[in-house]
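Residue 404 is where the sequence shown starts when you use the numbering used here, and the numbers rise one by one after that.
Just so you know, even glycine gets a beta-carbon here, dropped at the ideal spot from N, CA and C.
Just so we're clear, the structure is a prediction, and the values are computed from it rather than from any experiment.
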Amino acid sequence: MEIQHYSNKKSFYPTFSAGVTKAILKEIENTDTISISNKLLKNGISSDFNNNKTIAWCCNKVIELIEHINKKYKMNFALPKGIFVKDFENLNIDDTKTRAFCNLRPFELYKSSEEVVPSRTIFFNNFETLKQNLSPENRFFYDWKNIDEISDLTYDIKHSPTDFFLDTFFHEFAHAIHETRLINKLGPNKLSKQLDLIETTKNVQNYRQKYGDRVKQICDYALQNQLEAVACDMSKTITESLDKNTIHPNKQPFIDTAFEKLFFWQPKRIKIPVYSDEERPLIEIIRSFWNGDFQ
Ligand SMILES: [Zn+2]
């Protein structure tokens with residue numbers, strides 16, 4: 404997920420419309436990132452928030468929420484293997500302006516070392532180098548403290564499906580959840596082949612041609628590829644179920660969504676018709692991708 408095309412929006416000011424309340428700001432201010440890292444380690448998640456309190460608070464909140472969803476709605480959503488805040492200029496990635504990503508394959512991520520980072524590790528960009536070359540006005544959008552305004556902006560340019568401030572976090576965690584599901588369903592070798600295919604230009608062209616008109620109802624970013632469509636839709640689904648004051652679901656988030664658990668004997672499942680590509684409704688498109696069928 405990245406921010407761009409924003410430089411013509413000079414009159415952006417705090418609106419608190421993305422859900423960050425004064426109480427949340429206070430909690431973020433009092434966040435001890437080391438104690439959150441220690442807590443996550445007990446769950447098997449390595450992390451280094453680089454003292455970024457906003458990212459640490461938001462990740463902790465999303466993890467609490469996923470644990471709640473798992474317990475209450477029996478969803479078995481997996482957590483990422485690690486969470487790190489880095490200056491993306493120091494990473495072996497093409498797009499160093501991106502805000503965050505979840506790596507789907509193990510790779511040598513750091514320019515300075517040969518360490519292999521395992522898949523399903525989430526990275527957030529602290530934009531240290533990038534910020535140095537920006538005017539104070541533009542720097543605003545690269546400072547995570549301004550997550551409320553940044554969320555409004557990314558929603559405004561259709562880069563995210565909701566303007567809720569946890570959207571970026573739900574999105575990256577959704578990638579880790581989805582990939583774990585795919586490994587369990589397809590196995591690592593078949594998944595690796597699928598990932599090779601998904602990344603090809605031909606796949607992206609076919610995907611947009613077949614389903615672009617429907618997936619862009621989620622947001623424009625969902626047009627990137629099938630995996631992004633799932634991550635955007637899952638973030639939207641969870642956000643829409645939340646009571647924005649408690650940041651807890653006020654209903655079962657997944658009924659009548661692509662992520663609902665449907666068992667073979669359930670009438671709902673039996674009634675899913677076989678659609679042609681042109682007729683397939685959005686929910687069934689996302690359900691196929693969620694289940695590892697990317698055609
Ligand atoms: Zn993504």
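Proximal residues to residue i (C-beta, below 8 Å), its chain only, five neighbours per side dropped
i	result
N473	N479 and F480
D646	P652 and N653
Q699	The structure shown does not extend to residue 699, since the chain is modelled only from 404 through 698, so no value can be given for it.
T386	Nothing about residue 386 can be read from this structure; the chain reaches only from 404 to 698.
Contact set for residue i: own chain, Cβ-Cβ below 7 Å, skip 5 residues either direction
i	result
R617	L685 and I688
R611	L626
V423	I550, D551 and F568
K639	P564, T565 and I621
E681	none
T532	D490 and E492
Which of helix, strand or coil DSSP assigns to residue i
i	result
A661	coil
T649	coil
A421	coil
V519	strand
K489	strand
Residue from the options whose Cα sits closest to the Cα of residue i
i	options	result
F510	P521, E470, E467 and R502	P521
I774	T642, D696, F452 and I621	With the chain covering 404 to 698 only, the question about residue 774 has no answer from this structure.
E430	K514, N463 and F666	N463
Q698	D490, L630 and H581	L630
Near ligand 1: residue i beta-carbon under 7 Å from a heavy atom
i	result
A632	no
H705	What the structure shows of the chain is the stretch from 404 to 698, and residue 705 is not part of that stretch, so it cannot be assessed.
H574	yes
H471	no
H651	no
6 Å CB neighbourhood of residue i in its chain, flanking five on each side removed
i	result
D696	none
D623	K561
Residue i: CB within 7 Å of a non-hydrogen atom of ligand 3
i	result
H578	For ligand 3, the structure offers nothing, since it holds only ligand 1.
> When the Cβ atoms of the stretch 498 to 505 are set against those of the stretch 513 to 530, are three or more pairs found closer than 8 Å?
Replying inline: yes
>> Measuring CB atoms only, is the stretch 659 to 668 touching the stretch 537 to 551, in the sense that at least three cross pairs come out at less than 8 Å?
In response: no
> Do the stretch 441 to 449 and the stretch 553 to 568 make contact, defined as three or more Cβ pairs closer than 8 Å?
Replying inline: They do not touch, by the three-pair rule.
> If you pair each beta-carbon of the stretch 573 to 593 with each one of the stretch 664 to 682, do three or more pairs fall below 8 Å?
Replying inline: no
>> Any contact between the stretch 581 to 597 and the stretch 484 to 501? By contact I mean 3 or more CB pairs, one from each, below 8 Å.
In response: no
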